[in-house]
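*Asks:* Going line by line, the protein sequences match chains A, B and C.
In terms of the UniProt record's numbering, the first sequence has 39 at position 39, counting the first letter as 1, and numbering is strictly consecutive.
In terms of the UniProt record's numbering, the second sequence has 285 at position 285, counting the first letter as 1, and numbering is strictly consecutive.
In terms of the UniProt record's numbering, the third sequence has 112 at position 112, counting the first letter as 1, and numbering is strictly consecutive.
Positions of the beta carbon are idealized from the N, C-alpha and C atoms, including for glycine.
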Amino acid sequence: MLEIKNLHARSEDTEILKGINLSVAAGEVHAIMGPNGSGKSTLAHVLAGREDYEITEGEVTYDGKDLLDMEIEERAAEGVFLAYQYPVEISGVSNKYFLKAAINSIRKHNEQPLISRGDFVAMLKEKLALLGMDKSMMDRSVNEGFSGGEKKRNEILQMAMLEPKLAILDETDSGLDIDALKIVSEGVNALRSPERAIVVVTHYQRLLDYIVPDKVHVLAGGKIVRSGDKSLALELEDKGYSFLNEGTEAVAAS
Amino acid sequence: MIATENDAYQESFNQFQTEQSATAPAWLTELRQAAMTRFTELGIPTKRIEDWRFTNVKSLAAKPYQNVQSISLASGDAEELLQRAKLDDSFHRLVFVNGHYVSQWSTQHELPEGVVIENLASSIRENSGDLQERLSLETSDEAAAFIALNTAFVNDGALIDIPEGVVLDRPIHLIFLSVESGQTVCHPRNLIRLGKGSRAAVIESYLGREGEGYFTNAITQIELDKSADLDHHKLQHEQTDSLHVASTHIDQKDSSEFRSHYFSFGSLMARNEINCMLDGGEIVATLNGLYMPTGEQLMDCRTRIDHAKPNCNTYELYKGILDDHAKGVFNGKIFVHQDAQKTDAKQSNQALLLSDDAVVNTKPQLEIYADDVKCTHGATIGELDENALYYLRSRGVSKDLARKMLIFAFANDVVQGVEIPAVRQHLETILLSSHGLPDV
Amino acid sequence: MSSENALLEEYAQREYEHGFITDIEADSIPAGLSEDVVRLISQKKNEPEWLLEWRLKAYRHWLTLEEPNWHNVKFPPIDYQASVYYSAPKQKPKLNSLDEVDPVLLETYEKLGIPLEEQKVLANVAVDAVFDSVSIVTTFRETLEKHGVIFCPFSEAVQRFPELVQKYLGSVVPYSDNFYASLNSAVFSDGSFCYIPKGVRCPMELSTYFRINAQNTGQFERTLIIAEEGSYVSYLEGCTAPKRDENQLHAAVVELVAMDDAQIKYSTVQNWYPGDAEGKGGIYNFVTKRGACRGENSKISWTQVETGSAITWKYPSVILQGDNSVGEFYSVAVTANHQQADTGTKMIHIGKNTKSTIISKGISAGVGQNSYRGEVKIMKGATNARNFSQCDSLLIGDRCGAHTFPYIEVRNTTGKVEHEASTSKVGEDQIYYLRQRGLPTEDAVNMIVNGFCKEVYDVLPMEFAVEARKLLNVSLEGSVG
């Protein structure tokens, strides 16, 4: 579903991604781990299309199409979803309006009939219940005045509503207490399906206790330096990222 | 003196004084005369005066406006305007047409004991209370010409007195209409006084009919005694060929709270001043404003907050959306006197330009003479928040709709600060008609 | 708390250490200003006719002007007829080497910490020393000329490079610009002239050291810096004056021109005599400084540390004409005792993608009054122009004042302007925290003040940053670590 080849990206004068290779198939859950500053969040935003980064080399194919050639909203419409580490507050726009606008923009793009008010409300009610959120939050402005946990939950709610094909979760566990972590993870797990791929970007192993990955990659210095199964995450938990400095540069990933 | 441009005012004034001579108390005749002398001295402000630097009021203010001595209410326009101005029939309502109180259009519901809601002209006739003192406004400043002019013609307006401890449950709606034909001018003067611990909400609406261009020169004076609470709204909907000059003066005592919501939509040129004097401790004042000039409109919002005593908090948020050839001016001063320790003052001005022919001038100022204070001001002018745009687009919303959502949200933020439902709904309707969001 | 107050007070009343007077015989003209005085100055400098004409135009224009009154500083009326408009130490008309400079003068500069003998000075700084109305000596001239860099007294440039001077003089600050600039244009005596040819990176820092010595004398220097395509120069300016009871006038003009891809970095440490603790004496510093980013991708950066003068009135500005050009203004202004400062900048965005940054730090102590006044204009054609301004004030003691007067005008939808301002005091909790960690109160205050100014110190050339810290009587040495 997602094929990243030799991806290089820079911000201003600093090269952040220095040749990423990664392949994610439908139905898989991949975890990308790594120390702070390794380029994890950059990778997530490059896939979502943030314009602050310049792609200097490499390619990304998504469902056989050139992802890098698409506008931000086009990617979303094609099923790419990024759950933000720091969700943006937009005062004056209600969550409800925003969600409906997003769903119908995507449907319009895909030449599908627009969602009716009734269907929208029913769907929203169901997803809110799934995430244990109060419906009054939908009348509030987008993320405004939300606590850290509420913001993260709201991201997963949007994901549940938009039903993406490729979901990228950027440090979704940061700032969550254990109860919130469980609820968010349940929300994500409910979305696991053979048609959907999920990429979990995280610094800590603990999220992976709840969202169990098929593959784990370690990103350091802008490259994937190791790949493995979920045991790699446990090894990292055990040894920390320090082993990266011990010259084990070698193992490039697939 | 500077003569010619003021001739029309002088002529009107002479006529006005003659007509009033039979009924006006001597002190008032003198007060008016002194104010007219001061106005003649000052002349219409020019751009050389710092406070008028960005607003060239001369061409509009120097027209030969006529004072309307008696109103006919003959045209159907007046009633139509009144219907447009009405917000909610449950409100107390005072209606003024071309500066004169119209009792048949005004409504007064049952009032708690001691509450006075009446028109100034009738109080003057009764010559009651301390009117002389209250009507004498300071005009020593070189920029005070229109205050002097208002005092010269002071005659009618609203007079509101809420006694100690009274909580007025219905808002008071003051409606000012300009409907008479010709180039007319009116000088409403409103006096609002809240006693200790009392509470009220006031809405001022300004509307007029299309014609040769009229001039509204209004003043509202507000006194809040200890722990009083006033929610004040001003909806400026004047015709787009008119001149609107207004100042609101607030004097606050200990622990009082004042909230101002100013919405500017109409006039060819609208200048609104708010002067807040925090003359006590533990005071809270909130000044919010939204101005949305289009076409050739100029909107000048000027605020001054004087922190004279310790431990007061003020919050100020003014937002502008400018389109076409419009011009927007924001001039906000926070003045912290030497005694005003532990002041916390926050001011923010944000403006969006939707056209390259629009101009915005912003002048946020801090003058601080006390050391233990927290004062911040911020001004941002420019494009919409790129982070928010990216966020919306990454959820599939098109760039165009995302922009519309952010423009709507930008203005809606101020509208949502209004607590009275009827007023908020009225504003939402206006906002939706100009920057509304499509159904999604 | 009272001991802290005493310290703060002491801090506010720090001593002026450059207040001595040099006893040297001077060639001065009588006090007063007239067309004849303008002619006399021009004649003393053996100037060409066009320059005299320019001076006279400026003088005649000045007569039509009134002193500005919009600033937030107060001072008694200045009697422009009481000032001396030309004073030069008597010496041989032309100096061939440093050996011929009057040793008393060399000693003066030595005492000020600016040795003029090349072997003694910092190897990478060329100095032009201006004493009252004339330039005494310029060091490292040969080295510079090898690179094609011209660095000489202004009066010499008029003789040697008249076509360059005529082309650029008044091209950024016209003689009619403002009251003080017109006065300067009429009577300016000397100053520095720098010309950096195409593609040359000036091999060393250029520096001018201004000293007012003579009594009742006004100093009116004029500096002109031209950076041709692709060149770079860093220029430093320092100023001191003796302690005198009368106020002395200093009205300088600085013009900078940067062509395509050129960069000018202009740093000032202004330490004119501020007057005594009662507010007696001190320099009136009315200065017009402006740079024009004429070329594409050009950059002009002003950095100033203003600690001296009784009154500072100064707005180093940048006109951003060239597309993608950059303007910067970094300022620390201190007003202690009775000092008053009204200072800031103007950034005028004309070209596309132009960027400007303003960082202003005002520190007020004693009964000092400190005002930031700045203007940011985004003109209609300035697509994608950006400005960021931050103006912070720090108050030490409860009798001083800090004021902020920004003017913002935007005429382009793609322009983006952000202005932030804050005011704070040296917090008791901050001092307490630092003391709890073992710092004496004085060091704690110094550390806070220093931290407050850090963003500006960071962009000063190193030697200057050191001097700036010393000037604030703030030394971190020995207090950290």
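#1: Who are the near neighbours of residue 164(B) in its chain, counting only those whose CB is closer than 8 Å to its CB and skipping five residues on each side?
#2: For residue 355(B), go through chain C and note every residue whose CB falls closer than 8 Å to its CB, in chain order.
#3: Would you mind stating whether residue 409(B) and residue 91(A) have Cβ atoms separated by less than 8 Å?
#4: Name the two residues that bound the continuous alpha helix (DSSP H) containing residue 482(B).
#5: Compute the distance between the beta-carbons of residue 175(C) and residue 57(C), then report whether it is under 8 Å.
#6: If the cut-off is 8 Å on Cβ atoms, which residues from the stretch 372 to 392 of chain B count as contacting chain C, listed in chain order?
#7: Check this for me: beta carbons of residue 202(C) and residue 254(C), under 8 Å apart or not?
#8: Quick one: does residue 394(B) have its CB under 8 Å from some CB of chain A?
#9: On the DSSP bridge list, what partners appear for residue 29(A)?
#10: Give every residue of the same chain whose Cβ lies closer than 7 Å to the Cβ of residue 282(C), excluding the five residues on either side of it in the sequence, and list them in chain order.
#11: Pair every Cβ in the stretch 386 to 399 of chain B with every Cβ in the stretch 62 to 81 of chain A, then say whether three or more of these pairs are closer than 8 Å.
#12: Please determine if the stretch 223 to 239 of chain C and the stretch 256 to 269 of chain C are in contact, where contact requires at least 3 C-beta pairs separated by less than 8 Å.
#13: Taking the straight line between their C-alpha atoms, what separation do you get for residue 238(C) and residue 143(C)?
#14: What is the C-beta distance between residue 240(B) and residue 281(B), in whole angstroms, given that I count them as a contact (C-beta under 8 Å)?
#15: According to DSSP, is residue 158(C) helix, strand or coil?
#16: With 16 as the cutoff for other CB atoms within 10 Å, does residue 139(B) come out buried or exposed?
#17: On the three-pair Cβ rule with 8 Å, is the stretch 426 to 437 of chain C touching the stretch 377 to 387 of chain B?
#18: Checking contacts by CB at 8 Å: is residue 510(C) closer than that to chain B?
#19: Secondary structure at residue 216(B), three-state DSSP: helix, strand or coil?
#20: So, is the C-beta of residue 45(B) closer than 8 Å to a C-beta in chain F?
#21: Residues of chain B with CB closer than 7 Å to the CB of residue 265(C), please, in chain order.
#22: Since residue 358(C) contacts residue 325(C) with CB under 8 Å, what's their CB separation in whole angstroms?
#23: Please look up how many angstroms separate the CB atoms of residue 83(C) and residue 249(C), rounded, as I've assumed it's under 8 Å.
#24: Applying the 10 Å Cβ sphere with the 16-neighbour rule, what's the burial state of residue 226(A)?
#25: In this structure, what does DSSP give as the bridge partners for residue 319(C)?
#26: Please check the pair residue 211(A) and residue 47(A), which I expect to be a contact at CB under 8 Å, by giving their CB distance rounded to whole angstroms.
#27: Quick check on DSSP: helix, strand or coil for residue 359(C)?
#28: Which residues of chain B have a Cβ atom closer than 7 Å to the Cβ of residue 36(C), listed in chain order?
#29: In chain order, which continuous runs of the beta strand (DSSP E) of length 3 or greater are located wholly inside the stretch 220 to 289 of chain B?
#30: Can you give me the C-alpha to C-alpha distance between residue 180(B) and residue 86(A), rounded to a whole angstrom?
#31: Report back the beta-carbon spacing between residue 190(C) and residue 130(C) to the nearest angstrom; my notes put them in contact at under 8 Å.
#32: What would DSSP say about residue 139(B), mapped onto helix, strand or coil?
#33: Could you check whether residue 183(B) and residue 210(B) sit closer than 8 Å to each other, using their CB atoms as the reference points?
#34: Going by the DSSP bridge assignment, what does residue 364(C) pair with across the sheet?
#35: Please state if the CB of residue 129(A) and the CB of residue 82(A) are separated by a distance shorter than 8 Å.
#36: Less than 8 Å between CB atoms is the rule here; does residue 84(C) satisfy it with respect to chain B?
*Replies:* According to the structure data:
#1: Hits under 8 Å: 195, 196, 197, 198, 225.
#2: Those are 413, listed as they occur along chain C.
#3: It is a contact, given that the beta carbons lie within the stated cut-off.
#4: With chain B running from 1 to 440 in the structure shown, residue 482(B) is simply not present.
#5: A contact, by the Cβ cut-off of 8 Å.
#6: So the close ones are 372, 373, 374, 375, 376, 377, 378, 379, 380, 381, 382, 383.
#7: It is not a contact, given that the beta carbons lie outside the stated cut-off.
#8: Using a Cβ-Cβ cut-off of 8 Å, residue 394(B) counts as an interface residue toward chain A, since at least one Cβ of chain A sits closer than that to its own.
#9: Its beta-bridge partners are 198(A).
#10: Excluding residues within five positions, the ones whose Cβ falls inside 7 Å are 247, 273, 274, 275, 309, 310.
#11: Contact check between the stretch 386 to 399 of chain B and the stretch 62 to 81 of chain A: three or more CB pairs, one atom from each, fall below 8 Å, which counts as touching.
#12: With a cut-off of 8 Å, the stretch 256 to 269 of chain C and the stretch 223 to 239 of chain C count as touching, because enough Cβ pairs lie within range.
#13: C-alpha separation (whole angstroms): 22 Å.
#14: 44 Å between Cβ atoms; not a contact.
#15: Three-state result, residue 158(C): helix.
#16: Here residue 139(B) is buried: its Cβ has 16 or more other Cβ atoms, across all protein chains shown, within 10 Å.
#17: They do not touch, by the three-pair rule.
#18: Outside the shown range of chain C (1 to 481) lies residue 510(C), about which nothing can therefore be said.
#19: Here residue 216(B) sits in strand by DSSP.
#20: No chain F appears in the structure shown, which is made up of the protein chains A, B and C.
#21: Identification of chain B residues near residue 265(C) by a Cβ-Cβ cut-off of 7 Å yields none; the smallest Cβ-Cβ distance measures about 28 Å.
#22: With a contact defined as Cβ atoms closer than 8 Å, residue 358(C) and residue 325(C) miss out at about 15 Å.
#23: So it is a contact: roughly 6 Å between Cβ atoms.
#24: Buried, since its Cβ has 16 or more Cβ neighbours within 10 Å.
#25: Residue 319(C) is bridged to 292(C), 348(C).
#26: So it is not a contact: roughly 18 Å between Cβ atoms.
#27: DSSP places residue 359(C) in the strand class (E or B) of the three-state scheme.
#28: Here the premise fails: no neighbours, minimum Cβ distance about 34 Å.
#29: Fully contained in the stretch 220 to 289 of chain B are the following beta strand (DSSP E) runs of length 3 or more, in chain order: 229 to 236, 243 to 252, 257 to 264, 269 to 278.
#30: Each residue's Cα considered, the two are about 58 Å apart.
#31: At roughly 6 Å, the Cβ-Cβ gap stays under 8 Å, so residue 190(C) and residue 130(C) are in contact.
#32: Three-state DSSP puts residue 139(B) in coil, outside helix and strand.
#33: Not a contact, by the Cβ cut-off of 8 Å.
#34: DSSP lists 335(C), 395(C) as partners of residue 364(C).
#35: Not a contact, by the Cβ cut-off of 8 Å.
#36: Taking 8 Å as the CB threshold, residue 84(C) stays off the interface with chain B.
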